[in-house]
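As you go down the protein sequences, you meet chains A and B in turn. Its first residue numbered 6, the first sequence is counted upward by one per residue in this note's numbering. Its first residue numbered 26, the second sequence is counted upward by one per residue in this note's numbering. Single-structure report; data block below.
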Amino acid sequence: MKLLLRRFSTHLHDTPYTAEVILETGAKINIDRANVDAVRADLIIDVPKDKVERVAELFREKGLEVKKLMKLIAWDETRCVHCGACISVCPTGVFKFDSSWNICVDDEKCVRCEVCVKACPLGALACVE
Amino acid sequence: MTGTEKSIGEINKRIEDGSVRVVTADRMSEIVSELGTEEAAKEVDVVTTGTFGPMCSSGVFINFGHAEPPIKMQRVWLNDVEAHTGIAAVDAYLGAAQLSEDKRMEYGGGYVIEDLVAGKPIEVKALGYGTDCYPRKELETTITLEDLNQAVMLNPRNSAQRHEVATNSTDKTLYTYMGTLLPSYRNANYCGAGALSPLFNDPDFETIGVGTRIFLCGASGYVAGAGTQHSPVNNFGTLMVAGNVKEMNVEFLKGASFYGYGVTLYVGIGIPIPVLNERIAKKTGINDADIVTEVLDYGVSRRERPVLRKVTYEELKSGLIEIEGKEVPASPLSSFFMAKKVAEELKSEIEVGKFLLSLPVERLPTDTVCKPMKQTKELPLVKDVMIREVKTISERASIADAAKLIMEAQFTHVPVISKESKLVGIVTAWDISTAVAKRHEGLAEIMTRAVITADSEEPLELVIRKLERYNISALPVIDGDRRVIGMVTSDEISKLVGKRKRWQWKLRI
Numbered sequence: 006m007k008l009l010l011r012r013f014s015t016h017l018h019d020t021p022y023t024a025e026v027i028l029e030t031g032a033k034i035n036i037d038r039a040n041v042d043a044v045r046a047d048l049i050i051d052v053p054k055d056k057v058e059r060v061a062e063l064f065r066e067k068g069l070e071v072k073k074l075m076k077l078i079a080w081d082e083t084r085c086v087h088c089g090a091c092i093s094v095c096p097t098g099v100f101k102f103d104s105s106w107n108i109c110v111d112d113e114k115c116v117r118c119e120v121c122v123k124a125c126p127l128g129a130l131a132c133v134e
Numbered sequence: 026m027t028g029t030e031k032s033i034g035e036i037n038k039r040i041e042d043g044s045v046r047v048v049t050a051d052r053m054s055e056i057v058s059e060l061g062t063e064e065a066a067k068e069v070d071v072v073t074t075g076t077f078g079p080m081c082s083s084g085v086f087i088n089f090g091h092a093e094p095p096i097k098m099q100r101v102w103l104n105d106v107e108a109h110t111g112i113a114a115v116d117a118y119l120g121a122a123q124l125s126e127d128k129r130m131e132y133g134g135g136y137v138i139e140d141l142v143a144g145k146p147i148e149v150k151a152l153g154y155g156t157d158c159y160p161r162k163e164l165e166t167t168i169t170l171e172d173l174n175q176a177v178m179l180n181p182r183n184s185a186q187r188h189e190v191a192t193n194s195t196d197k198t199l200y201t202y203m204g205t206l207l208p209s210y211r212n213a214n215y216c217g218a219g220a221l222s223p224l225f226n227d228p229d230f231e232t233i234g235v236g237t238r239i240f241l242c243g244a245s246g247y248v249a250g251a252g253t254q255h256s257p258v259n260n261f262g263t264l265m266v267a268g269n270v271k272e273m274n275v276e277f278l279k280g281a282s283f284y285g286y287g288v289t290l291y292v293g294i295g296i297p298i299p300v301l302n303e304r305i306a307k308k309t310g311i312n313d314a315d316i317v318t319e320v321l322d323y324g325v326s327r328r329e330r331p332v333l334r335k336v337t338y339e340e341l342k343s344g345l346i347e348i349e350g351k352e353v354p355a356s357p358l359s360s361f362f363m364a365k366k367v368a369e370e371l372k373s374e375i376e377v378g379k380f381l382l383s384l385p386v387e388r389l390p391t392d393t394v395c396k397p398m399k400q401t402k403e404l405p406l407v408k409d410v411m412i413r414e415v416k417t418i419s420e421r422a423s424i425a426d427a428a429k430l431i432m433e434a435q436f437t438h439v440p441v442i443s444k445e446s447k448l449v450g451i452v453t454a455w456d457i458s459t460a461v462a463k464r465h466e467g468l469a470e471i472m473t474r475a476v477i478t479a480d481s482e483e484p485l486e487l488v489i490r491k492l493e494r495y496n497i498s499a500l501p502v503i504d505g506d507r508r509v510i511g512m513v514t515s516d517e518i519s520k521l522v523g524k525r526k527r528w529q530w531k532l533r534i
């Protein structure tokens, strides 16, 4: 399960909050993506399903906003022409053809790098929260 | 006439009485390999082909009808996308690849064409210069497809027989008309419908020629002639096609945009091939393993790009191809799913008697080749403008040495070289100021190591592109051993380009 963590305040800047949560829960967390700028930090982490609730609760206690990402990549099937421009650029193999050359999307593999969003000529892909 | 030969008249009679036997081109490949060409020619009357891909060389001729008072449109925009005028007063040609004035690459001709077919209202603005017969100078209105007298799609180059495969050797992502190309051969993109492709099923243009009736974006269209750059000698045949936009189906045409390149139109084309004899049956039996194309390195932005290898559509469709010992993911930009849908749609139209076949009124040329452009006024090469007296500095030098050199030589950029005289970095006057402020000592600490360089034989246009892309103002020219042989600076280029006579584009009338 992927969680979007967001912190606005800078007072957390020096706190190793991810490490603390990992140590406290023993959850094997993968950081898929981290965007840090002057105003905020957005992290997308992958958490084993059985520990999601506890991990989310701890991050919230530490002052971060936590959101479960139900949809990692939004695919507009009505716009898609099933060309395949998204397939070769995706680093994690989210997109595949089925036997009749229809695009299938394996949302769970997505790390939200957004390369496919640019690569889709039909504008059928988007990263949403 | 042997038992396998039939005429177009016989086939059309079978279409009319409902006894015609139609298969799609991919199925024909199987039939030919199962039954052989003789049986296949007896069993099958028509093979339907299909392709659905981005085709920039597409557009629509529009006649708006006359305004009151009338205007001679000197310039006209549809949803802020300019159409070509310069023909009669209210005729214009809207090109698929034209960008929106305001939204640039996010909207353009291809999208306007899709919106027209979808029945959406389109904002029209036009300017004229005013004459006794066409006094009006400005016009604004909203139209839909229905309101136009004519909207005729005329695509100068569609349905290319063969497409190249694109990959990228450089360390930067490239955004091209062949899609996003990741660095270091991390992916490869290709186009074309393989065994379903119209022209590969009739490579000698026996049945596809001027006047051949085709399926064009859901409408019944025609082959108008050979497409531009028609180059059958190299298996690069192309078609010019025409069809009535008012009869088109929005499912079979889509506006699209390739990031960093621009707007285009996905066009669905299906061509029926009458199986008149065993020879045609054999040709339509082609399969993906028979169709060969080339993998090109788009990292080289020249007309002649290096060919890395040959590859078949069978290998491409497996999703992985090998390039220089590496497994590279390959995916198409055109849609096999939609190509098959086009071929199936055409098949059912023929089966229900809605679509009759025609033979060409004239054959397409089979001996033409596509020539490169004749260029008479060229920008010079790098070697013609580079500064040859270049001061370099050793990587072991101090910041003070570099500062002194920059001051004395009056250069803002100094290439840094190793003790073997090879280029290892570059320092600028700005770097030196930063180094002084931050109290750095050695040059090696502050120099830029990833230096953008030029080759002395490179056209200056490519260097200008590098300067713009990397936002730099000078770059070293190196030889094969990475020895610095010159510098190109934006100052020198501006002097030269300023001297060129340039077109003065009229932006407003």
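C-beta atoms are modelled at their ideal positions from N, C-alpha and C, and glycine is treated no differently. Model, not experiment: these values are computed from the prediction.
Cβ closer than 8 Å: which chain B residues qualify as neighbours of residue i?
i, result
"A:Leu130", "Here the premise fails: no neighbours, minimum Cβ distance about 12 Å."
"A:Asn107", "Phe362"
Where do the N-terminal and C-terminal ends of the alpha helix (DSSP H) with residue i fall, by residue?
i, result
"B:Ser511", "Looking at the sequence itself, residue 511 of chain B is Gly, so the reference to Ser does not match. Looking at the DSSP string, B:Gly511 is not in any alpha helix (DSSP H); the run it does join, the beta strand (DSSP E), is 509 to 514."
"B:Met130", "B:Met130 -> not in any alpha helix (DSSP H); beta strand (DSSP E) instead, spanning 129 to 133."
Quick one: which chain B residues come within Cβ less than 7 Å of residue i?
i, result
"A:Cys88", "Pro357, Leu358, Ser359, Ser360"
"A:Val94", "Thr205, Leu207, Asn212"
"A:Thr104", "The sequence shown places Ser at residue 104 of chain A, not Thr. Neighbours of A:Ser104 on chain B: none; closest Cβ ~11 Å, over 7 Å."
"A:Lys123", "Thr205, Tyr284"
Rounded to whole angstroms, what is the Cα-Cα separation between residue i and residue j?
i, j, result
"B:Lys526", "B:Ile518", "Confidence in B:Lys526 is poor, its pLDDT being 45 and thus under 50, which makes the residue's placement too unreliable to answer from."
"B:Lys531", "B:Glu107", "Because B:Lys531 sits at a pLDDT of 36, beneath the cut-off of 50, its placement in the model cannot be relied upon, and the following sentence gives the value as read from the coordinates. Looking at the two C-alpha atoms, the distance is approximately 14 Å."
"B:Val85", "B:Val177", "5 Å"
"A:Ile36", "B:Thr192", "30 Å"
"B:Asn174", "B:Ala251", "27 Å"
"B:Lys279", "B:Ile138", "8 Å"
"B:Gly61", "B:Arg304", "11 Å"
"B:Ala460", "B:Asn183", "57 Å"
"B:Ser282", "A:Gly89", "14 Å"
"B:Phe240", "B:Leu119", "21 Å"
"B:Glu376", "B:Leu406", "60 Å"
"B:Pro94", "B:Arg161", "6 Å"
"A:Ile27", "A:Ala61", "11 Å"
"B:Lys540", "B:Leu430", "Only positions 26 to 534 of chain B appear in this structure, which leaves residue 540 of chain B out of reach."
If you reduce the DSSP assignment to three classes, tell me which class residue i lands in.
i, result
"B:Asp116", "strand"
"A:Arg12", "strand"
"B:Asn259", "helix"
"B:Ser446", "coil"
"B:Gln529", "A caution first: B:Gln529 carries a pLDDT of 37, below 50, which makes its placement in the model too unreliable to give a value."
"B:Gly90", "coil"
"B:Met26", "At B:Met26 the pLDDT is 46, less than 50, meaning the model places this residue with poor confidence and gives no usable figure here."
"B:Leu221", "helix"
"B:Gly252", "coil"
"A:Lys54", "helix"
"B:Lys308", "helix"
"A:Val110", "strand"
"B:Val47", "strand"
Could you tell me which chain A residues have their CB closer than 7 Å to the CB of residue i, listed as they occur along the chain?
i, result
"B:Met363", "Val86, His87"
"B:Pro223", "Those within 7 Å of B:Pro223 in chain A number zero; the least Cβ separation is about 18 Å."
Name, please, each residue of chain A whose Cβ falls closer than 9 Å to the Cβ of residue i.
i, result
"B:Tyr291", "Val86, Cys88, Pro126, Leu127"
"B:Phe240", "Per Cβ cutoff of 9 Å: no residues; B:Phe240 is ~16 Å from chain A at best."
"B:Lys279", "Arg84, Val86, Pro126, Leu127"
"B:Pro354", "Ile92, Ser93, Val94, Cys95, Gly98"
"B:Pro79", "Cys88, Pro126"
Could you work out which residues of chain B lie near residue i, taking near to mean beta carbons separated by less than 9 Å?
i, result
"A:Trp80", "Going along chain B, no residue has its Cβ under 9 Å from A:Trp80, so there is no contact; the nearest lies around 15 Å."
"A:Val120", "Thr198, Thr205, Leu207"
Which stretch, first to last residue, makes up the beta strand (DSSP E) that contains residue i?
i, result
"B:Glu319", "317 to 322"
"B:Val177", "175 to 183"
"B:Thr110", "Looking at the DSSP string, B:Thr110 is not in any beta strand (DSSP E), and its letter there is neither H nor E."
"B:Val394", "Premise fails: B:Val394 is in no beta strand (DSSP E) and is neither H nor E."
"B:Asn214", "213 to 215"
"B:Glu148", "147 to 152"
Between residue i and residue j, which are expected to be in contact by the criterion C-beta below 8 Å, what is the C-beta distance as a whole number of angstroms?
i, j, result
"B:Thr318", "B:His188", "6 Å"
"B:Pro501", "B:Ile457", "17 Å between Cβ atoms; not a contact."
"B:Leu381", "B:Ile40", "6 Å"
"B:Glu352", "B:Leu345", "5 Å"
"B:Gln330", "B:Asp322", "The identity of residue 330 of chain B in the sequence shown is Arg, whereas the question assumes Gln. Yes, they are in contact, since the Cβ atoms of B:Arg330 and B:Asp322 sit about 6 Å apart, within 8 Å."
"B:Ala267", "B:Leu179", "5 Å"
"B:Ile33", "B:Asp70", "Not quite, the Cβ-Cβ distance comes to about 10 Å (not below 8 Å), so this is no contact."
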